[in-house]
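Asker: Here it is, the structure in full.
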Amino acid sequence: MNLINLIVVLVVIGVILWLINNYIPMDGTIKKILNVVVVIVVVLWLLSAFGLLGPMSGIRIG
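Laid out in structure tokens, this is it:
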């Protein structure tokens, strides 16, 4: 993945999260949980994209 694609994906994720936080009425606790989950997923994706985490296909949930 090249750097331009990475930046575009991060900007799109940020804009979508901003739109959800500003225009969808939710309880503050749910918004905080959503923000934390999105940040964790993005950090894991970035670590995988830079080769620091390894392939995500090896991770099993459940």
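For the working numbering, add 863 to where a residue sits in the sequence shown, where the first one is 1. In this text, a Cβ means the ideal position worked out from N, Cα and C, and glycines have one as well. Since the model is a prediction, treat every value here as computed from it, not as a measurement.
#1: List the endpoints of the continuous alpha helix (DSSP H) containing Ile-883.
#2: Keeping to the same chain, check which residues put their C-beta closer than 7 Å to that of Lys-894; ignore five residues upstream and five downstream.
#3: Where does the unbroken alpha helix (DSSP H) through Gly-903 begin, and where does it stop?
#4: Report the CB separation of Leu-882 from Ala-912 in whole angstroms; it is logged as a contact under 8 Å.
Answerer: Let me lay it out:
#1: Along the sequence shown, read from residue 1 onward, the residue named residue 883 stands at position 20. It spans 866 to 886 - the alpha helix (DSSP H) in which Ile-883 sits, taken as one unbroken run.
#2: Position 31 of the sequence shown holds residue 894. The residues are Asn-884.
#3: If you number the sequence shown from 1, residue 903 lands on position 40. Here residue 903 turns out to be Ile, not Gly, going by the sequence shown. Its alpha helix (DSSP H) spans residues 891 to 912.
#4: As a first step, residue 882 must be located in the sequence shown, where it is residue number 19. As a first step, residue 912 must be located in the sequence shown, where it is residue number 49. At roughly 24 Å, the Cβ-Cβ gap does not stay under 8 Å, so Leu-882 and Ala-912 are not in contact.
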